[in-house]
Amino acid sequence: MKVRVRGIYSTALTHLFLDADHDVVQASGPIRQRFDAEFESADHDVAIETTDKRQGVGVEGTARAVSTATTLLQNLAIDAFAWDDPAPTGAVFDARVTETLGGGAVCDLGETTGYLPYDEFDGRVETGDEIRVQVAESSPPWADHRAELTGEIRALAGLATLVPGTEGVRVETRDEAAARELAGMTDLLGGDPPEGWGIRWHRDAVDADMGALNDALDRAADIATQLDSVLDDPIEAPRELAAPTKTTWVWFGRETRFALDAHRREVATTMPGHHRTKAGSAAASSGVDLAEALCEGLGGEDGAFPFDVVTAQFGPLEGDRVAIGHGKPDGRLIVLGSGEVTKRDPEGTIELRRQMSGGGAYDALEIPRESGDTATTKFREGRWWYPTVYRDSEGSVKGTYVNICTPVECFPNQIRYIDLHVDVIKHADGTVERVDDDELDEAVEAGHISEELAEKARSVASSLEKALAK
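Going by the UniProt record's numbering, the sequence shown opens with residue 1, and the numbers climb by one from there.
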């Protein structure tokens with residue numbers, strides 16, 4: 001399998017895939033310097049790239065390669081989650097326009113929705129229209145935006161892209177000499193695109209050898225042939241017409257990031273909590289690079305994550321406002337509002353205080369939520385649970401809710417974890433109750449949570465239930 005890797009996890013993932021006897025191709029300059037290995041400029045079977053906000057990676061390519069790569073990533077640690085995208089990049093859909101906004105239209109694709117910018121479609125778009133679109137860029141399930149669509153259908157295949165209704169060869173590079181050379185070499189390649197499809201080479205193609213170019217063109221031609229077989233079909237929205245490639249999203253939890261540290265440490269100086277720190281912000285990522293460039297052997301493999309140093313430099317600090325990123329096992333991210341950091345323990349605890357609005361009731365506690373109530377939550381970095389104490393306007397405790405989750409990460413702007421459904425609550429009268437075991441069982445049955453992770457959640461819940469009952 002040929003793998004292309006980009007982003008803050010590149011060194012660790014390169015080691016992971018090389019160690020599993022796969023080929024890493026199109027490697028960046030820093031990767032070539034760090035590894036004693038030969039890296040081809042070949043086309044890739046699967047591309048792995050860090051997602052926005054550095055939460056995890058997107059895995060995109062042939063179905064078989066994506067499945068193989070995803071299995072490797074999920075086996076890194078217990079808190080790695082993966083979800084297949086119902087709208088993979090390059091897929092073609094018959095879509096129904098459900099809403100028109102200022103800059104584009106929301107489209108029903110069947111299992112999911114997408115966003116079509118008006119300038120990506122030739123013609124006027126109105127609510128109720130049925131149109132043919134392609135996914136230009138997929139979106140992870142935890143993101144706050146939809147997959148981006150386009151009305152221009154193309155055969156996307158890494159180094160080569162085929163465009164219907166065009167002729168000739170184009171190269172996406174500013175190096176005119178290299179572009180002319182590649183265009184001339186294209187005539188010597190064995191593969192031919194289907195009639196009526198023009199060739200567009202990616203900029204990385206200028207460094208590829210003839211074999212890689214042949215492979216890329218053959219793959220693009222196969223995809224174009226697949227699309228050709230359905231593009232003349234009448235539009236019947238919403239439905240998927242073709243999905244030549246697969247996209248999967250992998251969420252990295254705290255333990256997964258530390259497992260990636262171990263892989264990176266095999267080839268480069270790696271501070272304890274390297275990926276945990278880099279995932280926090282661009283400034284934190286730059287700080288890690290500087291520290292590791294200046295110092296050798298920072299903490300070693302057995303060093304502890306320097307929570308105090310990292311949070312003192314990048315946050316969160318007392319007085320900051322921090323959101324609670326409540327991840328769900330099906331991939332969604334629910335932001336449970338934000339609160340003020342009232343305490344920061346150098347050992348790893350962040351205390352967050354929220355002012356509650358009136359209306360409704362507190363989940364499971366079944367007591368009214370009233371104006372003037374406060375919620376005080378203590379998050380401990382790396383802990384599998386966190387408590388929230390609800391108080392009324394007079395300061396009296398109304399109840400305590402303990403959420404069981406994957407190990408907590410306290411980033412500068414958001415606390416992150418994935419909820420594991422089962423929870424333990426303590427009522428104002430001291431009664432302790434365990435709730436939502438059925439939701440955990442359903443998540444296991446649905447394949448959203450592994451049995452190993454579910455057992456960990458049940459074990460944590462049992463321990464908390466006994467401790468709170470004392």
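Backbone N, C-alpha and C fix where the C-beta goes; we use that ideal spot for every residue, glycine too. Treat the numbers as computed from the prediction; the structure is a model and nothing was measured.
Legend entry - Which residues DSSP lists as bridging tryptophan 385, in chain order: Ile404
Legend entry - Rounded separation between glutamine 134 and glycine 90 - CA only: 6 Å
Legend entry - Proximity to glutamate 266 [Cα-Cα], best of Arg6, Val3, Thr14: Thr14
Legend entry - residue 472 (DSSP reduced to helix, strand or coil): With the chain covering 1 to 470 only, the question about residue 472 has no answer from this structure.
Inset, instruction - Note down the Cα distance separating alanine 461 from alanine 63, rounded to an integer number of angstroms. - result: 38 Å
Inset, instruction - Look up residue 473 in the DSSP assignment and say whether it is helix, strand or coil. - result: The shown model of the chain, from 1 to 470, leaves out residue 473, and the question about it has no answer.
Inset, instruction - Please list the segments of the beta strand (DSSP E) lying wholly inside the stretch 121-186, counting only runs of 3 or more residues, in order along the chain. - result: 130-137, 147-150, 155-157, 160-164, 169-171
Inset, instruction - Classify glycine 399 as helix, strand or coil using the three-state DSSP reduction. - result: strand
Legend entry - Straight-line Cα distance separating glutamine 26 from threonine 186: 20 Å
Inset, instruction - Would you kindly check if the distance between the Cβ of alanine 87 and the Cβ of leucine 109 is under 8 Å? - result: yes
Inset, instruction - Provide the residue(s) that pair with isoleucine 48 in DSSP beta bridges, ordered along the chain. - result: Val5, Val59
Legend entry - isoleucine 418 vs tryptophan 251 beta-carbon contact at 8 Å: yes
Inset, instruction - Tell me whether lysine 278 is buried or exposed, calling it buried when 16 or more other Cβ atoms sit within 10 Å of its Cβ. - result: buried
Legend entry - Where tyrosine 390 sits in the DSSP three-state scheme: strand
Legend entry - Per DSSP, the bridge partner or partners of tyrosine 362: Answer by DSSP bridge pairing: none, since tyrosine 362 is not bridged.
Legend entry - Cα-Cα separation between leucine 336 and glycine 399, rounded to whole angstroms: 18 Å
Legend entry - Buried versus exposed call for proline 316 [16 or more other C-beta atoms within 10 Å across all chains shown]: buried
Inset, instruction - In angstroms with no decimal places, state the Cα-to-Cα distance between leucine 440 and glutamate 172. - result: 49 Å
Inset, instruction - Indicate whether alanine 205 and alanine 160 have their beta-carbon atoms separated by less than 8 Å. - result: yes
Legend entry - CB contact flag (serine 281, phenylalanine 258, <8 Å): no
Inset, instruction - Would you mind sorting glutamate 409 into buried or exposed? The rule is 16 or more other CB atoms within 10 Å of its CB. - result: buried
Inset, instruction - Look up alanine 279 in the DSSP assignment and say whether it is helix, strand or coil. - result: coil
Legend entry - Buried/exposed call for aspartate 36, threshold 16 Cβ in 10 Å: exposed
Inset, instruction - Would you kindly check if the distance between the Cβ of threonine 150 and the Cβ of threonine 127 is under 8 Å? - result: no
Legend entry - Pairwise C-alpha distance: serine 396 and aspartate 85: 46 Å
Legend entry - Own chain residues within Cβ distance below 7 Å of glycine 196, not counting five before or after: Pro164, Gly165
Inset, instruction - Could you check the C-alpha separation between alanine 20 and tryptophan 83 for me, to the nearest Å? - result: 22 Å
Legend entry - Three-way DSSP call (helix, strand, coil) for alanine 461 in this model: helix
Legend entry - Burial state of leucine 156 (16 or more Cβ within 10 Å): buried
Legend entry - Per-residue DSSP class, three states only, for glycine 287: helix
Inset, instruction - Look at the alpha carbon of aspartate 308 and the alpha carbon of serine 67, and state the distance between them as a whole number of angstroms. - result: 39 Å
Legend entry - C-beta contact flag for glycine 7 and glutamate 49 at 8 Å: yes
Inset, instruction - Return yes when at least one heavy atom of the ligand GTP lies under 7 Å from the C-beta of serine 286, else no. - result: You won't find the ligand GTP in this model; it holds no ligand whatsoever.
Legend entry - beta strand (DSSP E) segment containing glycine 114, residue limits: 113-117
Legend entry - Range of the contiguous alpha helix (DSSP H) that encloses arginine 254: 254-265
Inset, instruction - Using a threshold of 8 Å, state whether the C-beta atoms of arginine 124 and cysteine 107 are closer than that. - result: no
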